[in-house]
Amino acid sequence: MPFLRAAVCVLAAFSASFALPAVAQENWPTKPLRLIIPFPAGGSSDQLGRLMAKELGQKLGQPVQVENTDAKGTKAAAGAAPDGYTLVLSGVGTNAISHALNPNLDYDSLKDFVHISQLSEGPNVLVVGAASPLKSLQDLIETGKAHPGKLTYAQVHASSGHLSMELLKQTVSTCVSGSSGARNCTTLGLTGVPFTGAKPALDAVLDNKAGMMFTNLDAVAPHVRSGKLRALAVTSLFRNPQLPDVPSISEAGYPGFKAVSWVGISAPKGTPPAVVARLEKEMEAAFKASDTRKQLEAQGLVVVVSRSADYTDFIRKEIERWRRVVKVAGIQSPA
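Counting from 0, one number per residue, gives the positions in the sequence shown under numbering that gives the first Met the number 0.
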């Protein structure tokens with residue numbers, strides 16, 4: 000009997016050791032969370048991250064504390080304890096384009112994270128100066144093909160706007176096979192004018208020192224409405240409510256064209272499934288609420304709020320897309 004009682008006690012203790020994590024997950028969260036934002040404070044990504052932190056904090060009953068870092072924050076998040084108390088703002092630059100530019104990146108967006116939910120996406124806008132003779136995307140394509148080198152565009156190396164232009168150039172190029180079997184291709188002969196940042200690039204287009212550029216909607220919408228810039232197209236699949244008269248490239252004759260900036264929330268790989276499920280639920284509740292949704296849509300963003308499996312698949316496809324574009328364009332990682 001003493002042996003039996005001892006065995007029962009050991010078995011009970013053994014079972015309890017496995018139950019503890021489950022109990023901890025049920026009570027999660029019991030302390031503040033941190034959200035790593037791998038961008039400087041004040042930018043659009045930071046603003047989205049802070050809105051996300053506020054909404055999640057209210058839903059979870061624990062504050063979500065924002066931690067702004069440089070790009071190394073994504074790596075730090077990958078190595079954090081997968082206990083549900085570290086989240087990271089994921090996005091197109093850190094979790095897709097970076098893989099295309101740097102084959103030796105020190106984190107793997109598909110192996111080192113569990114991607115919880117996409118929050119939003121927003122288009123780039125193709126704009127020209129008000130004095131430009133180009134009135135439509137078709138005007139640009141016809142002129143660019145007929146007169147290679149005549150048209151210029153402002154380019155910030157390896158930015159989403161730069162890659163949007165490279166994707167457009169690759170999309171609209173046409174090739175035919177000659178009688179000898181050789182392929183003759185007509186490309187969009189645009190000349191890039193390099194700039195160190197989005198603001199000087201936009202200023203150059205406004206001052207007619209560069210012919211056009213792709214850039215974020217929130218940066219150019221006021222100039223389009225005032226008549227200082229003309230918007231030729233947006234890079235989302237559909238028109239954006241903030242610029243309802245501007246066609247998407249997809250509807251303008253290139254079905255499926257899409258090049259958007261996006262953000263979401265991710266966590267270190269191994270974060271408990273129960274925590275991931277709770278975060279999915281609260282993200283959906285927070286960002287499908289009308290007031291929050293309207294706040295984002297007023298900035299030209301499309302609220303997505305996807306499930307974990309969908310967000311993971313989306314990121315996989317984005318990595319593949321931008322790897323193809325970067326390889327064809329021969330773009331090198333910025334120094």
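Glycine is no exception: its CB is placed at the ideal position from the N, C-alpha and C atoms.
| field | 6 Å Cβ shell around Glu165 - same chain, five flanking residues per side excluded | value | Val324, Ala328
Between the beta-carbon of Ala216 and the beta-carbon of Gln241, is there less than 8 Å?
As written in the sequence, residue 216 is Leu, which differs from the Ala given in the question. Yes, Cβ-Cβ distance for Leu216 and Gln241 is below 8 Å.
Ser89, enclosing alpha helix (DSSP H) - first and last residue:
For Ser89, there is no enclosing alpha helix (DSSP H); the residue is found in the beta strand (DSSP E) stretching over 85-90.
Limits of the alpha helix (DSSP H) - the one that Gly143 falls within
136-145
- Message: Could you compute how far the alpha carbon of Val223 sits from the alpha carbon of Thr291?
- Response: 25 Å
Notebook entry, point to check: So, does the CB of Thr214 fall closer than 8 Å to a CB anywhere in chain B?
Noted result: The structure shown contains no chain B; it is built from a single protein chain.
Check: Roughly how far, in whole angstroms, is the beta-carbon of Pro37 from the beta-carbon of Val259, given that I think they are within contact range, below 8 Å?
Finding: Not a contact, Cβ separation roughly 19 Å.
Checklist line | Simplified DSSP assignment, three categories, for Trp321 | finding: helix
| task | Grab me the residues of Val22's own chain with a C-beta within less than 6 Å of its C-beta, minus the 5 sequence neighbours each way, in chain order. | result | Interpretation of Val22 is limited by its pLDDT of 43, a score under 50 that renders its predicted location unreliable; the figure taken from the coordinates is listed afterwards. Closer than 6 Å at the Cβ level, and outside the excluded window around Val22, lies no residue.
Between the Cα of Gln46 and those of Ser119, Ala79, Lys110, spot the shortest distance and give me the residue it belongs to.
Ser119
Taking the Cβ atom as the reference point for each residue, do Arg322 and Ala157 lie within a distance shorter than 8 Å?
no
What did DSSP end up calling His114 once you bin it into helix, strand or coil? DSSP, read as helix, strand or coil, puts His114 in strand.
**Prompt:** What whole-angstrom Cβ distance do Leu228 and Leu205 have, given they're in contact under 8 Å?
**Reply:** 7 Å between Cβ atoms; contact.
Rounded C-alpha distance that separates Ala70 from Thr93: 7 Å
Q: Tell me the start and end of each unbroken beta strand (DSSP E) in the region 233-288 that is at least 3 residues and wholly inside, in chain order.
A: 259-267
Can you pull the DSSP bridge partners for Leu125? Phe213, Ala232
- Item | Beta-carbon proximity list for Asn207, same chain, < 7 Å, skipping 5 on both sides | Gly128, Ala130
**Q.** Outcome for Leu109 when other beta-carbon atoms lying within 10 angstroms are tallied against a minimum of 16
**A.** It counts as exposed.
Terminal residues of the alpha helix (DSSP H) in which Leu55 lies: Here the alpha helix (DSSP H) through Leu55 covers 43-59.
message = Which of the three DSSP states is assigned to Thr186 in this structure?
response = Per DSSP, reduced to three states, the secondary structure at Thr186 is coil, with no helix or strand assignment.
Check: Among residues of its own chain, excluding the 5 on either side of Tyr253, which ones have a beta-carbon nearer than 6 Å to its beta-carbon?
Finding: Thr170
Exercise for the section: Using alpha carbons as the reference points, say which of Thr190, Thr173, Leu189, Ser249 lies closest to Asn183. Expected result: Nearest C-alpha to Asn183: Thr173.
Task: Helix, strand or coil at Tyr152 according to DSSP, with G and I counted as helix - done: strand
- Query: Applying the criterion that 16 or more other CB atoms from any shown protein chain within 10 Å of the CB defines a buried residue, is Gln117 buried or exposed?
  - Reply: buried
Determine the extent of the alpha helix (DSSP H) in which Leu167 is found, giving its start and end residues. The continuous alpha helix (DSSP H) containing Leu167 extends over residues 159-171.
Does the beta-carbon of Glu319 have 16 or more other beta-carbons within 10 angstroms, so that it is buried, or is it exposed? exposed
Counting beta carbon pairs with one atom in the region 293-301 and one in the region 55-73, are three or more of them shorter than 8 Å?
In short, these stretches do not touch, since the Cβ pair count stays below three.
| request: Give the straight-line distance between the Cα atoms of Ile115 and Pro147, rounded to the nearest whole angstrom. | output: 45 Å
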